[in-house]
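In what follows, a single structure is set out as structure tokens and then discussed.
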Amino acid sequence: MLDIVTHLFRLQAIVEESSLRRAAARLNVTQSALSRSLAQLEAYFGRPILERHARGVRPTPFGERVLSESMRLQRQWTISEQSLLVNAVQEKPVLRVGAGPVWRALVLPELVISMHQAFPDIRFELQNSRYSQSLSDLSEGRLDVLFTGQPPIESAARRLVFHPVAEVVDNVVARCDHPIFDQVKEGELLPTDVLLNYSWVIYSEMPIYGETARNALFEKTGAEPTIAVSCESLMSALTILQGGDFISVLPGIAARGNSRLRNVPVDLRSRTSTASLAYREEMQDWEPLQGLIAHADALFRDGEWM
């Protein structure tokens with residue numbers, strides 16, 4: 001078993017370097033040792049793992065699968081090793097967290113602060129994520145946890161667990177002293193056509209928000225919103241909303257987490273989805289992960305965050 005693990009780790013170095021010579025130099029072993037490891041892996045699996053090309057070597061389609069499992073195995077071994085070597089001098093264990101911009105800006109800061117108090121010896125790495133790539137990063141150990149509001153992609157979610165933490169509701173939002181609130185009557189929703197009187201800020205890094213604004217408004221009024229600003233930066237979009245007579249569609253958390261923004265009570269169909277914390281199934285007994293799940297559940301327990 002340990003021999004196979006060694007061969008798999010050597011395979012990862014070969015693929016990353018695209019060269020047996022460079023991989024041998026990096027690992028401080030001979031090229032012949034790497035060739036033997038590769039031969040033993042191909043004999044063990046009964047299929048070619050690498051193929052040559054003009055600039056060196058690259059994995060075959062089957063080799064890509066082997067490499068993916070190898071990277072997943074290596075990350076799990078690192079986590080297990082850190083938990084076993086409790087008395088050894090070592091670096092802090094690392095928890096790699098992937099999240100989209102809404103999560104990073106509005107949720108993770110509070111979550112990381114509470115987690116650091118509970119697990120002061122853990123180092124947190126917060127990484128930007130694009131959903132399709134992030135599932136591969138999670139499966140292969142480059143991420144340990146992914147916060148996402150997207151549903152699982154079956155082909156990419158091999159042996160991943162999706163733990164639901166909240167229901168995400170997109171709302172129309174505006175600054176607290178926006179003139180639109182002068183028209184609000186207690187206990188009533190504003191008519192949808194009121195939204196046509198104001199300019200919109202569209203948060204464009206995630207196209208779903210622009211699509212929600214256009215489709216929902218057109219469905220109710222037969223007209224599209226007047227878009228004044230299309231903005232890839234969430235923080236810039238929030239700043240613009242706070243400073244002008246603009247409206248936008250964002251997750252409810254954007255208003256809850258910002259004292260200068262409010263949700264607009266309006267008769268417009270809201271998009272609802274489930275926000276989840278995804279992780280590899282073999283990690284489920286790791287104490288920091290259990291702590292993260294517990295802290296996330298506690299954070300969203302009141303049901304108002306999203």
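Residue 264 in the UniProt record's numbering sits at position 264 of the sequence shown, and the numbers go up by one each step.
From the three backbone atoms N, C-alpha and C, an ideal C-beta is built for every residue, glycine too.
Next on the checklist: Helix, strand or coil, according to DSSP, for Tyr279 in the structure here?
Outcome noted: Counting from 1 along the sequence shown, the entry for residue 279 is found at position 279. Secondary structure at Tyr279: strand, using DSSP grouped into helix, strand and coil.
Checklist entry - Roughly how many angstroms lie between the CA atoms of Gln127 and Thr148, to the nearest whole one? => result The sequence position of residue 127 within the sequence shown is 127, counting from 1. The sequence position of residue 148 within the sequence shown is 148, counting from 1. Here the alpha carbons of Thr148 and Gln127 stand approximately 13 angstroms from one another.
Next on the checklist: Considering only the alpha carbon of each residue, which of Gln76, Leu95, Ala39 and Gly210 lies closest to Arg123?
Outcome noted: Translated into the one-based positions of the sequence shown, residue 123 becomes position 123. Nearest C-alpha to Arg123: Leu95.
Checklist entry - Pick from Arg271, Gly56, Gly210 and Leu111: whose alpha carbon is nearest that of Glu167? => result The residue you call residue 167 lines up with position 167 of the sequence shown. For the residues Arg271, Gly56, Gly210 and Leu111, the minimum Cα distance to Glu167 belongs to Arg271.
Next on the checklist: Taking only three categories from DSSP, how would you classify Val264?
Outcome noted: Looking up residue 264 in the sequence shown gives position 264. In the structure shown, Val264 adopts coil according to DSSP, grouped into three states.
Checklist entry - Between the C-alpha atoms of Tyr192 and Leu217, what's the straight-line distance to the nearest angstrom? => result Locating residue 192 in the sequence shown gives position 192, where the first residue counts as 1. Locating residue 217 in the sequence shown gives position 217, where the first residue counts as 1. Note on residue identity: the sequence assigns Thr, not Tyr, to residue 192. Each residue's alpha carbon lies about 7 angstroms from the other.
Item to check | Proximity below 8 angstroms, CB of Ala24 to CB of Leu34 | outcome: Counted from its first residue, the sequence shown places residue 24 at position 24. Counted from its first residue, the sequence shown places residue 34 at position 34. Going by C-beta atoms, Ala24 is nearer than 8 angstroms to Leu34.
Next on the checklist: I need the boundaries of the alpha helix (DSSP H) containing Tyr209, first residue and last residue.
Outcome noted: The sequence position of residue 209 within the sequence shown is 209, counting from 1. Pro207 to Thr221 is the extent of the alpha helix (DSSP H) around Tyr209.
Item to check | Integer-rounded CB distance, given that Val57 should sit under 8 angstroms from Ser18 | outcome: Start at 1 with the first residue of the sequence shown, and residue 18 comes out as number 18. Start at 1 with the first residue of the sequence shown, and residue 57 comes out as number 57. Rounded, the Cβ-Cβ distance is 6 angstroms, consistent with contact.
Item to check | Residue interval of the alpha helix (DSSP H) (run including Tyr44) | outcome: Sequence index remark: in the sequence shown, residue 44 carries index 44 (1-based). Segment Gln31 to Phe45, the alpha helix (DSSP H) holding Tyr44.
Next on the checklist: Would Ser199 and Ser230 qualify as a contact pair, given that the criterion is a beta-carbon distance under 8 angstroms?
Outcome noted: As a first step, residue 199 is located in the sequence shown; it is residue number 199 there, counting from the start. As a first step, residue 230 is located in the sequence shown; it is residue number 230 there, counting from the start. No, the Cβ-Cβ distance between Ser199 and Ser230 is not below 8 angstroms.
Checklist entry - In chain order, which continuous runs of the alpha helix (DSSP H) of length 4 or greater are located wholly inside the stretch 155-196? => result Look at the stretch 155-196 and you find no whole run of alpha helix (DSSP H) that is 4 residues long or longer.
Item to check | For Ser236, the first and last residue of its enclosing alpha helix (DSSP H) | outcome: Numbered from its first residue, the sequence shown carries residue 236 at position 236. Its alpha helix (DSSP H) spans residues Leu234 to Gly243.
Checklist entry - Which partner residues does Gln127 have in the DSSP bridge list? => result Position 127 of the sequence shown, counted from the first residue, corresponds to residue 127. According to DSSP, which records beta bridges pairwise, Gln127 is partnered with Gly98.
Next on the checklist: For Ser273, which residues in the same chain have their Cβ closer than 6 angstroms to its Cβ, ignoring the five residues on either side in sequence?
Outcome noted: Along the sequence shown, one-based indexing puts residue 273 at 273. Cβ neighbours of Ser273 beyond the five flanking positions: Gly149 and Val168.
Next on the checklist: When you compare the stretch 233-243 with the stretch 97-112, are there three or more beta-carbon pairs, one atom per stretch, that lie closer than 8 angstroms?
Outcome noted: Remark: three or more beta-carbon pairs, one from each stretch, lie closer than 8 angstroms, so the stretch 233-243 and the stretch 97-112 are flagged as touching.
Checklist entry - Quick one: Cα of Pro207 to Cα of Arg130, how far? => result Counting from one through the sequence shown, the residue named residue 207 turns up at place 207. Counting from one through the sequence shown, the residue named residue 130 turns up at place 130. CA-to-CA, the gap between Pro207 and Arg130 works out to about 13 angstroms.
Checklist entry - Got a sec? Which residues, its chain only, sit under 8 angstroms from Leu268 by beta carbon, not counting five neighbours each side? => result Taking the first residue of the sequence shown as 1, we reach residue 268 at position 268. The residues are Val172, Thr192, Leu195, Ala216, Leu217 and Lys220.
Checklist entry - Based on Cα-Cα distance, which residue from Met71, Asp245, Ala223 and Asn263 lies nearest to Leu189? => result As a working note, residue 189 is residue 189 in the sequence shown. Closest by alpha carbon: Asn263.
Checklist entry - Does the Cβ of residue 309 have 16 or more other Cβ atoms within 10 Å, making it buried, or fewer, making it exposed? => result Examination of residue 309 is not possible in this model, given that the chain is present from 1 through 306 alone.
Next on the checklist: Check for me: the beta strand (DSSP E) holding Arg58 runs from which residue to which?
Outcome noted: The count along the sequence shown starts at 1 and reaches residue 58 at position 58. Going by DSSP, Arg58 is part of the beta strand (DSSP E) stretching over Gly56 to Pro59.
Next on the checklist: If you follow the beta strand (DSSP E) that Pro251 is in, where does it begin and where does it stop?
Outcome noted: Looking up residue 251 in the sequence shown gives position 251. First-last of the beta strand (DSSP E) with Pro251: Phe246 to Pro251.
Next on the checklist: If you measure between the beta carbons of Leu146 and Arg280, is that distance less than 8 angstroms?
Outcome noted: Here residue 146 refers to the residue found at position 146 of the sequence shown. Here residue 280 refers to the residue found at position 280 of the sequence shown. Their beta carbons are not under 8 angstroms apart, which means Leu146 does not touch Arg280 by this criterion.
Item to check | Where Trp103 falls: helix, strand or coil (DSSP) | outcome: The residue labelled residue 103 in the question sits at position 103 within the sequence shown. Reduced to three states, the DSSP call for Trp103 is helix.
Checklist entry - Which residues bound the alpha helix (DSSP H) around Arg114? => result The residue labelled residue 114 in the question sits at position 114 within the sequence shown. Looking at the sequence itself, residue 114 is Ser, so the reference to Arg does not match. It spans Leu108 to Ala118 - the alpha helix (DSSP H) in which Ser114 sits, taken as one unbroken run.
Checklist entry - In the DSSP assignment, what residue or residues form a beta bridge with Glu16? => result The residue given as residue 16 occupies position 16 in the sequence shown. DSSP links Glu16 through a beta bridge to no other residue.
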